[in-house]
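Asker:
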Amino acid sequence: MILASLKKNIASKASAWAKKEGLILPDGLALSPTPPHVKSADLSLPWAMTLGKTARKNPLELAKALAGQFVAPEIEKAEAAPPGFVNIRLRDSALCANLKAITLNPALYGVDPDGPKRKILIEFVSANPTGPLHLASGRGATLGDSLIRVLRRLGREASAEYYVNDAGGRVELLGESIKARFAGTPVPEKGYQGEYLAEMAKQAPAEAKGWTAKQWGEHAMKILLDTHKRDMEAFDAHFDRWFLESELYAGGAVEKTLKYLKDRGMVYEKDGAVWLGTSSAQDSEDDKDRVLVKSSGQPTYFLPDIAYHKNKFDRGFTELIDILGADHHGYVPRMKAAITALGMPEGSFHAIVHQLIHLYRGKEAVKMSKRAGDFVSLREVLDEVGKDACRFFFAMRTPDSHLNFDLELAKSKTSENPVYYCQYVHARVSAIFREAAKQGVLKEGEPLPGPNAKFLTAPEERAILVKLAWFPEVLKTVEAVLSPHPLGGYLLELAGLFHPFYEKCRVVDPENGELSRARLFLCAGVRDVIREGLSLLGVSAPDQM
RNA sequence: GUCCCCGUAGCUCAAUGGAUAGAGCACGUGCCUUCUAAGCAUGCGAUACAGGUUCGAUUCCUGUCGGGGACACCA
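FYI, in the numbering used here the residues of the first sequence are 104 to 648.
Spelled out as structure tokens, the structure:
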């Protein structure tokens, strides 16, 4: 964790200096890699420029003064560069010590013991069990599952949940749709038209003949929910709990929540319905109030949703994150208002809205509609392109991007997918270790003694050492932006440094034992970080390709 | 009409307000008698438009144009 300790050192040195000078340092330590043309340093700090503005002093002079303070075990030298950067070069020995720490216990690399104590619940996918999961669910699953993995790696407490809408009117609608298929009559106009129901009807048990629509609906939902579970399993996305809406009704949580809101004076009646004043809540962005109980006496979807979120808080979670598709973005303001109505603090609820996927077959756009049954299922793509390619592809994008997904491309030229570029690093390192054992450079079971800083000084090697040092910081960025995509980018960059190293620096060489072993150590570090990083994205790291 | 997201290379996508905007694919040219060529080297090529904020803007603000999505006593 070389950068974490470096940051601590710099911060304390700088604040002591600032105190002496009577200056106020900017918040946060914005340490970043130097641009490619700055070869003499590894890191840069733009502090002096912000400081120059507030203190009305020459930034370059401030940078020089600041650089003079930076004496630390990790730092070889620190110097000012115009217009006011402080550029820092790391000590080779410190980089090698970091490498050793990585290989000693790869699973602990990136743990952030000083971070905030959080107890987070992330709800994602939560697709209705009225049809197979479609490809878009893969995006939510990638986001949620990878985030959970990174948060846990950092040391946060994080749980994953899938909310199942198995109550309400759609059970019967689904039942009517499949019943019609069974009887060979037309499917109701607003019903579910998908062929999957026809298939399911064919396989219904004999006693199904006498079933009511509700019984049919429950039967179909159970089967569909099971396929959702299997699909998520195949996608390597894991949930700590599949939370059924029906549980809320069974336990009386829906009524209790309504009473709770009533007692808090948050609801009113109008036109025979019960409303939540979401638009008038403080700082509310909702444009109108929302119905909780219809004039028919039936609750809307919104009331059990609130009950579910209350339930999450009641179970001790302090931060709730919902991952939603862009078609649900209107849901966010009203749920925020509901959280406020429950009396929970601002910031205890956060929504990640990811944009939709545009599907293409070649150049032709594919229109998708679940009701009409015309859609591309997650399973279909999974079977064609595989879990690794699919997850990495999704993990590379920010949730905000409207991504285009070309089925032709995904199914035929999978080499387009950069996941192989990363995985290939892992396979190559594995091959190197096999060769090393064969040539006796590293004897069977012999532990590596430790990287020798004297040997790992080629630009290609140093660049890798520095890049490896960034891994823990990248995980923190993932936490900050609530998206795994910086990790995907990082792994590609690391891979992009390894391959040139592989071409230029021969690793296994019996004539140069010490150099070989030092390079093997570097390879081990790359292998470990690639493997750990890919695993956080739910992608495998093969030994052979 | 109101609200949300996006507009970066021929294509798919990156870039906590920092220095000369990065990758991959496609295309051109080289590189497999040595640890896997799913690789390397090299060339080509981009911030929609107009203002503003600032030492500095792809990033923040306003407007225009273009694309996607949402605006139920559906979920």
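Cβ coordinates follow ideal geometry from the N, Cα and C atoms, glycine included. From a predicted model like this one, the values you see are computed outputs, not experimental measurements.
Skipping 5 residues on each side, what residues in its chain have a beta carbon closer than 6 Å to that of residue 195?
Answerer: Counting only Cβ-Cβ distances below 6 Å, and skipping sequence neighbours, we find 556.
Asker: Please classify residue 371: is it buried, with 16 or more other beta-carbons within 10 angstroms of its beta-carbon, or exposed?
Answerer: Classification of residue 371: exposed, given that the 10 Å Cβ count is below 16.
Asker: Enumerate, from N- to C-terminal direction, the unbroken beta strand (DSSP E) stretches of 3 or more residues contained entirely within the region 155 to 202.
Answerer: List check, beta strand (DSSP E) in window: 178 to 184, 188 to 193.
Asker: Measuring straight from C-alpha to C-alpha, what distance separates residue 496 and residue 241?
Answerer: In a straight line, the C-alpha of residue 496 is about 10 Å away from that of residue 241.
Asker: Since residue 600 and residue 567 are thought to touch, with beta carbons under 8 Å apart, how far apart are those beta carbons, to the nearest angstrom?
Answerer: Rounded, the Cβ-Cβ distance is 5 Å, consistent with contact.
Asker: What are the uninterrupted segments assigned as beta strand (DSSP E) that are 3 or more residues long and contained completely in the region 499 to 586, given in chain order?
Answerer: Runs found: 506 to 509.
Asker: To the nearest angstrom, how far is it from the Cα of residue 243 to the Cα of residue 117?
Answerer: If you take the alpha carbons of residue 243 and residue 117, they lie about 42 Å apart.
Asker: Roughly how many whole angstroms lie between the Cα atoms of residue 208 and residue 572?
Answerer: Looking at the two C-alpha atoms, the distance is approximately 14 Å.
Asker: Do residue 131 and residue 339 have their C-beta atoms closer together than 7 Å?
Answerer: Contact flag unset, no.
Asker: Out of curiosity, what's the CA-to-CA distance linking residue 342 and residue 639?
Answerer: Looking at the two C-alpha atoms, the distance is approximately 15 Å.
Asker: Distance, Cα to Cα, residue 336 vs residue 440?
Answerer: Rounded to the nearest angstrom, the two C-alpha atoms are 34 Å apart.
Asker: Output needed for residue 106: all residues of its chain with C-beta closer than 6 Å, excluding positions within five of it in sequence on either side, in chain order.
Answerer: Hits under 6 Å: 572, 576.
Asker: With which residues is residue 667 paired in a DSSP beta bridge?
Answerer: An answer regarding residue 667 cannot be provided, because it is not within the stretch 104 to 648 covered by the chain.
Asker: Could you name each continuous alpha helix (DSSP H) segment of 4 residues or more that falls completely within the region 294 to 379, going from the start of the chain to the end?
Answerer: The region 294 to 379 contains these whole alpha helix (DSSP H) runs: 298 to 305, 316 to 337, 348 to 353, 356 to 366.
Asker: Between the beta-carbon of residue 415 and the beta-carbon of residue 406, is there less than 7 Å?
Answerer: The answer is no: Cβ separation not under 7 Å.
Asker: Considering only residues of the same chain and omitting the five flanking positions on each side of residue 624, which have a CB-CB separation below 6 Å?
Answerer: Closer than 6 Å at Cβ, skipping near neighbours: 551, 554.
Asker: Between the Cα of residue 446 and the Cα atoms of 431, 454, 385, 579, which residue gives the shortest distance?
Answerer: Nearest C-alpha to residue 446: 385.
Asker: Take residue 124 as the anchor and find which of 111, 148, 150, 169 has the nearest alpha-carbon.
Answerer: Ranking the options by Cα distance to residue 124, first place goes to 169.
Asker: Please state whether the Cβ-Cβ distance between residue 598 and residue 559 is less than 7 Å.
Answerer: No, the pair does not count as a contact, with Cβ atoms beyond the cut-off.
Asker: Can you give me the start and stop residues for the alpha helix (DSSP H) that residue 272 sits inside?
Answerer: 272 to 286 is the span of the alpha helix (DSSP H), which, as asked, contains residue 272.
Asker: Decide yes or no for the touch test of the region 391 to 406 against the region 452 to 464: beta carbon pairs closer than 8 Å, at least 3 of them.
Answerer: The region 391 to 406 vs the region 452 to 464: no contact.
Asker: For residue 324, count neighbouring Cβ atoms within 10 angstroms of its own Cβ and tell me buried if that reaches 16, exposed if not.
Answerer: The residue in question, residue 324, is buried, as its Cβ has 16 or more Cβ neighbours within 10 Å.
Asker: When the Cβ atoms of the region 352 to 372 are set against those of the region 315 to 324, are three or more pairs found closer than 8 Å?
Answerer: As far as the Cβ criterion goes, the region 352 to 372 does not touch the region 315 to 324, which means the pair count is below three.
Asker: What is the rounded straight-line gap between the Cα of residue 148 and the Cα of residue 156?
Answerer: Looking at the two C-alpha atoms, the distance is approximately 15 Å.
Asker: On the CB-based measure, 16 or more other CB atoms within 10 Å of its CB, does residue 135 come out buried or exposed?
Answerer: Exposed, by the Cβ-count rule.
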